[in-house]
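Number of protein chains: 2
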Amino acid sequence: MSLIKQNNKLTIHDQTVTFNNRILFQQTNESPILFLGHGEENIKMYRGNFDIHDHVEERIPLTMMDITEENEFLEINFGFQEQQYVTLKLQLDDVGRLRIQPTIDFGEWNRLWIRIKADENENVYGAGEQMSHFNLRGRHFPLWTSEPGIGRNKKNMTTFLADAKDHAGGDYYTTNYPETTFVSTNHYYCHTDSYYYADFDFSNNEYHELQYWGIPDEWIFETAETYVDLIGKLSNLLGRQFGLPDWTNDGINVGLQGGTERINTIIKTMKNRDVQIAGIWAQDWEGTQTTSFGKRNYWNWHYDDQLYPGLPSQIKTWHEQGMKFLGYINPYVVNGSPMFEDGRNGGYFAKNQDGRNYLVDFGEFECAVVDFTNPEAFIWFKTVIKVNLIDAGLDGWMADFGEYLPTDVVLHDHSDPMVMHNKWPVLWAKCNYEAVHEAGKQDDIVYFMRAGAAGSQTYNQLLWAGDQSVNWSLDDGLASTIPAALSAGMTGNTLTHSDIGGYTSMYGNVRDKELFMRWAEMAAFTPFMRSHEGNRPASNFQVYNDDGALDHLAKFTKIFQQLKPYRQTVIDEAVNQGLPAQRPLFMHYEDDVNAYDIQYEYLFGRDLLVAPVYEADQVSRHVYLPNDEWINLWSGEQLTGGDYDVEAQIGRIPVFYRRDSPLKPLFEKLKSS
Amino acid sequence: MSLIKQNNKLTIHDQTVTFNNRILFQQTNESPILFLGHGEENIKMYRGNFDIHDHVEERIPLTMMDITEENEFLEINFGFQEQQYVTLKLQLDDVGRLRIQPTIDFGEWNRLWIRIKADENENVYGAGEQMSHFNLRGRHFPLWTSEPGIGRNKKNMTTFLADAKDHAGGDYYTTNYPETTFVSTNHYYCHTDSYYYADFDFSNNEYHELQYWGIPDEWIFETAETYVDLIGKLSNLLGRQFGLPDWTNDGINVGLQGGTERINTIIKTMKNRDVQIAGIWAQDWEGTQTTSFGKRNYWNWHYDDQLYPGLPSQIKTWHEQGMKFLGYINPYVVNGSPMFEDGRNGGYFAKNQDGRNYLVDFGEFECAVVDFTNPEAFIWFKTVIKVNLIDAGLDGWMADFGEYLPTDVVLHDHSDPMVMHNKWPVLWAKCNYEAVHEAGKQDDIVYFMRAGAAGSQTYNQLLWAGDQSVNWSLDDGLASTIPAALSAGMTGNTLTHSDIGGYTSMYGNVRDKELFMRWAEMAAFTPFMRSHEGNRPASNFQVYNDDGALDHLAKFTKIFQQLKPYRQTVIDEAVNQGLPAQRPLFMHYEDDVNAYDIQYEYLFGRDLLVAPVYEADQVSRHVYLPNDEWINLWSGEQLTGGDYDVEAQIGRIPVFYRRDSPLKPLFEKLKSS
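Taken in sequence, the protein lines are chains W and U. Position one of the first sequence corresponds to residue -3 (this note's numbering), numbered consecutively onward. Position one of the second sequence corresponds to residue -3 (this note's numbering), numbered consecutively onward.
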């Protein structure tokens, strides 16, 4: 049987579904396309870290396949032993995407597996923000938003200690931002419209097996001839980030805490060394409390008059001095605070099984969960952002968390917390998005989030890579932010950045000067510069205490400033075409087979290649250059494609620009910064 | 439908199978009795440690159930959606056991799950030798013979370091001796006639789910009114150990190495302090080589004339001095040795996929695998035992290993290595058994093994608990040998013992004097006393270097000697009734609900209760006594049932005898030893 529809775009022949000449599905008795089943999961949350076990009770291979052809669509019935179980309806939408909708015809199921045909040499990227592995092939990736973990590698000691103490070690796949979207080197993307727990297994040579703990609404495939086009098309589907305010080009946003007085003292020190400061980012603007993990903020979202007396007028003073002021917020409210009273009285919090306000343990303090499924609660919290943050004059904030929705919570709209858990980050992003847009401040304010889900592309203005350890580990240190940016970019998140210097200082990891400087020089070649004092500021290196590091930071904040015209083109491509600011080498060098497995170099826009030094004690690093004419930013040396050991002392992060770049004159000037 | 057969012993009613008034199976749509499926396993061996992953491709719930009644048996057909898949034939054998044989009616399957009805408060014991948990309820237990692991608890540092270095950390279930046999507190046993990889899951309140990676030959159930009867019946099925030579009552078998001269010097020291020595156990009788793990033996099974010049005549000298001599052997032959040449020329070794001799990595040296499925190889190796060990005058040996059969080996009889892996220990035991019995030496010789499988009950004369770490850890130290003995006993292994002082000194674990002394005083109340110098003798405490420890050992070897008349009754019960020498408290105190979860006390025979001190720095320990009249061995204090803190300095291991014991006069004398 052969069926050819719509100009040969979608064909079915010999139980093989081809879309734009790519074989997507192939049914055999040994390897059917679909399986349905039942599982009993066991999920335990420990402060945003999850132990998840599944007992698969049934898994039925749908070996029966029956095809119906209609004018506008195809239907494939799948069954087992003469019993029809599920129908897939395949149709092309008006822009040529393949949309596949499942309908369950028989039984009730909470597990579904679908197999997409794979080639042995195919690579796969995306799945949200993946910090250990950019190319996903050869591994499976559970997709469940959570803390990223401390260590993130079961073979290292940090992970072991974090697991032993708090179940907090994580693994290669744990991430704040998982997403059921991937891009294949067969030049297609696959997006699943579903927030169910999923596990995408790319370890088989013959197929990708995608598992869902529920029935997805839809699968969407689209193809393109180039990755640039493909990513652009994906961003048409998922949405695009709306850009950054112009002032973010002015320099670094310095993470500082401790109140107006301390901040002013430090800012003065930094300015004296010529550090270019765009903004002050004070995560403790709402006050603090101290726990054994370190200093934690007091989650009642109003400025603290002790630490920041008369903050609104102080912000005006900072503005006059040419600096913005950024704060912090998250969608939880600490028990016992004034806002907690408001939320309780309004009925704005998610409930537990007994109908009381669900309190989530955040580590020595407990918080209520703002129930975003309750329209009144959503408006209430949006209003908090508008009044307490925007009206107070804040120019931006970290919109933290979003991963902690417990799976036994009772929500206002009675939706399934097993679905809402993964969707929560986008509701939280949307709350920020609407607050800023309704206030008409989208060109003035910047907010940034670590948690994500499908939809974050639109609603999260700027991704931040979450909490790295203050060390050189591949899975959880400086290095991990590079595959994080690349995989987020392949999932349609164009603008990302990370904490300069990292965050988590635990189990003997302490930030040193070198790590801070390497991180800072990398950040100059990203869309946004922001530093963090970390969870234990006093015992970790701080740039403001060291003149040498301040000079280095001054140099790279100036480079960041000078790059503004180029960065603006990069951001324009992000906003208009959906192209990530940080791109894998293969995106512009498709023919270069060596470019596909490189995860510690990136293109910053079309014309800059950046190879950050991510190991300690280096004076050079290995760099692979795809075939082009490259000029070393520092030495001016011209290189063509190939492998090089490049000089890379601190302050000389390997960066190359294309000889043919229209902005060559700008790049030439940078070395004298 | 109701069916009552054979005097109401076996009934089926409402899809519920009852055997001697115990509900064994209950079919519902939500929880069928049987599932069939396919899995693709991925197994990697690292020196006897295994990484095992399974991808379950299909799992079909056999919700259709159809019963056929015949005169002599019942047949139950199971299927799914009108398709019949499997038939279980249930019949009672001539001693009243329920035997259930499966026949596959449709398809080919490599996974089978069967659910046995469970009660919430039911306990389960056995599954071979389990070192972390005696009561198996609440956990699942993969059943696959392997190294036991170093640390055996993913939360401790030793395990982490062993995993990181060698995949060698193990887990709570890793064991040299797994077995698909368990005993329920519903007074039945269940034995599966199968050596396939299995995983017995006792974590569900409603059922026990037993998983097999193949179709078992048979399930066998039997019931009894008491545990004593039940264990006796189980031993009728599985076989019984044949007993120990009389000379083993004479004292300790001292683990020593380094050759005749060194041994004689040490023995003299020990005898001078009055240590009672039954035998010298020299694991290096065949010579040594050194690796980074420590001193390892040279696996060419003939005495080493350098270390032990003229060993046969030296053995005669030791015999004249009242001491036996024991050696060591395992079923591997080191590459490059004379025996390797013999085996290669004879074609006695297992092959790899290329048809060459399979070489197994044992840690810096490689060995061939004697292929016991080749009758000629079996006879060859049996002859090696007869000639090189028995004829040379050896009085016993450690028959080590048996767990390392690779799953990609090619065997002479073309049997499936996935089955033979778990069966290998019993083939190795049988080789020893036949050698000893054919030589007529079964009353003179003692051999002991750590690896086991169904059949070891007959063929392994004496179980040994394998390689503990030289520390106090519950999962891998002294303590672990107690649940090991109890669970092995519930699986029909009546005679067991352990290395006095432990074996594995790695990752900072070093044996100290206290540990040795606590282990020695416990061993006096087991069937057999044997010490080990450990894998790194020089850096660990050795009893012969310490007069205080020698005096302590002298005392407990004398107690062991004096206990001979009592121990003989214990061993007689083992040999004749299948009762384990070391018994859980509930075996004789069934009505005592507190007795069922105690895993660090045991009854040694009917009349002694032993509560070893398994923690450092103790001067007392908590002891639970079941309801009886107990007399403290040391103080003579009389106690009835209940909880006590008992004085327990070194040398005063808490031991109690029953006031009504016929051997009370013997016990009374022990305190003055």
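For glycine and all other residues, C-beta sits at the position ideal for the given N, C-alpha and C. All values reported here derive from a predicted model rather than from experimental measurement.
Burial state of L(-1)(W), where buried means 16 or more other Cβ atoms lie within 10 Å: Unreliable positioning characterises L(-1)(W) in this predicted model, as indicated by a pLDDT of 46, which lies under 50. The coordinate reading is nonetheless provided below. It counts as exposed.
With 16 other Cβ atoms within 10 Å as the buried cut-off, status of F321(W): By the neighbour-count rule (16 or more Cβ atoms within 10 Å), F321(W) is buried.
Short CB-CB distance (under 7 Å) between K113(U) and chain W: It does not; no Cβ of chain W falls within 7 Å.
Neighbourhood of G166(U) by C-beta distance below 6 Å, restricted to the same chain and skipping five residues each side: P144, G145, R148.
Positions along the segment 50 to 82 of chain U whose CB lies within less than 9 Å of some CB in chain W: Going along the segment 50 to 82 of chain U in chain order, one finds H51, V52, E53, E54, R55, I56, P57, F76, Q77, E78, Q79 with a Cβ nearer than 9 Å to chain W.
Inter-stretch contact at 8 Å, needing at least 3 Cβ pairs: the segment 321 to 334 of chain W / the segment 262 to 277 of chain W: The segment 321 to 334 of chain W makes contact with the segment 262 to 277 of chain W: 3 or more CB pairs, one atom from each, lie closer than 8 Å.
Test: A607(U) CB closer than 7 Å to a CB of chain W: So, not an interface residue.
N- and C-terminal bounds of the beta strand (DSSP E) containing F74(U): Residues 70 to 76.
C-beta neighbour in chain U for F726(W), strict 7 Å: Because chain W spans -3 through 669 in this model, residue 726(W) falls outside it and cannot be assessed.
Contacting residues, own chain, Cβ-Cβ under 7 Å from F102(W) (five flanking each side not counted): By the criterion of a C-beta distance shorter than 7 Å, F102(W) is surrounded in its chain by Q79, Q80, Y81, once the five residues flanking it on both sides are discounted.
Pick from F600(W), A450(W), H528(W) that is closest to V466(W), judged by C-alpha positions: It is H528(W).
Supposed contact pair I646(U) and R514(U) - C-beta distance, whole angstroms, cut 8 Å: Going by Cβ atoms, the distance from R514(U) to I646(U) rounds to 7 Å, so yes, they are a contact pair.
Run of the beta strand (DSSP E) containing F21(W), from where it starts to where it stops: 18 to 22 is the extent of the beta strand (DSSP E) around F21(W).
C-beta neighbour in chain W for K660(U), strict 7 Å: No, no contact with chain W.
At least 3 beta-carbon pairs within less than 8 Å: the segment 239 to 258 of chain W vs the segment 599 to 614 of chain W: Output reads no: the segment 599 to 614 of chain W does not touch the segment 239 to 258 of chain W.
Residue range of the unbroken beta strand (DSSP E) whose run includes G33(U): For G33(U), the uninterrupted beta strand (DSSP E) segment begins and ends at 30 to 42.
The segment 127 to 151 of chain W: positions lying closer than 7 Å to chain A by Cβ: Chain labels in this structure do not include chain A; the protein chains are W and U.
Contact between the segment 533 to 549 of chain W and the segment 497 to 510 of chain W (3+ Cβ pairs under 8 Å): With a cut-off of 8 Å, the segment 497 to 510 of chain W and the segment 533 to 549 of chain W count as touching, because enough Cβ pairs lie within range.
Residue burial classification, P479(U) (beta-carbon count within 10 angstroms, cutoff 16): Counting Cβ neighbours within 10 Å, P479(U) comes out buried, since at least 16 surround it.
Inside the segment 263 to 319 of chain W only - alpha helix (DSSP H) runs reaching at least 4 residues: Runs of the alpha helix (DSSP H) inside the segment 263 to 319 of chain W: 307 to 316.
Neighbour flag for G158(W) against chain U, beta carbons, 7 Å: Correcting the residue type first, residue 158(W) is Ala in the shown sequence and not Gly. It does not: the Cβ of A158(W) has no partner Cβ on chain U nearer than 7 Å.
Residues bridged to S180(W) [DSSP beta-bridge criterion]: Bridge partners of S180(W): V120(W), Y184(W).
contact_flag[the segment 540 to 552 of chain W, the segment 582 to 600 of chain W] where n(CB pairs < 8 Å) is 3 or more: Touching, no.
Minimum C-alpha distance to L233(U) - residue among H187(U), D246(U), K85(U): Among H187(U), D246(U), K85(U), the Cα nearest to that of L233(U) is on H187(U).
Spatial distance of E316(U) from E125(U) (CA atoms): Rounded to whole angstroms, E316(U) to E125(U) spans 38 Å at the Cα level.
K419(W), enclosing alpha helix (DSSP H) - first and last residue: 413 to 434 is the span of the alpha helix (DSSP H), which, as asked, contains K419(W).
Buried versus exposed call for V609(U) [16 or more other C-beta atoms within 10 Å across all chains shown]: It is buried - the Cβ of V609(U) has at least 16 other Cβ atoms within 10 Å.
Nearest-angstrom Cβ-Cβ length linking L605(U) and W626(U), presumed shorter than 8 Å: Under the criterion of beta carbons closer than 8 Å, L605(U) and W626(U) qualify as touching, at roughly 7 Å.
Length of the line joining the Cα atoms of I19(U) and R93(U): So the alpha carbons of these two residues sit roughly 15 Å apart.
Where K665(W) falls, given that 16 or more other Cβ within 10 Å makes a residue buried: The residue is exposed, with fewer than 16 neighbouring Cβ atoms inside 10 Å.
Check whether A449(U) and L407(U) have beta carbons under 7 Å apart: Between A449(U) and L407(U), the CB-CB gap reaches or exceeds 7 Å.
P308(U) versus A550(U): straight-line alpha-carbon distance, rounded: Cα to Cα, the separation comes out at about 28 Å.
Per DSSP, the bridge partner or partners of N67(W): DSSP lists no partner for N67(W).
Selected residue, minimal CA-CA separation from Q457(W), among R352(W), R563(W), P241(W): With distances taken between Cα atoms, Q457(W) lies closest to P241(W).
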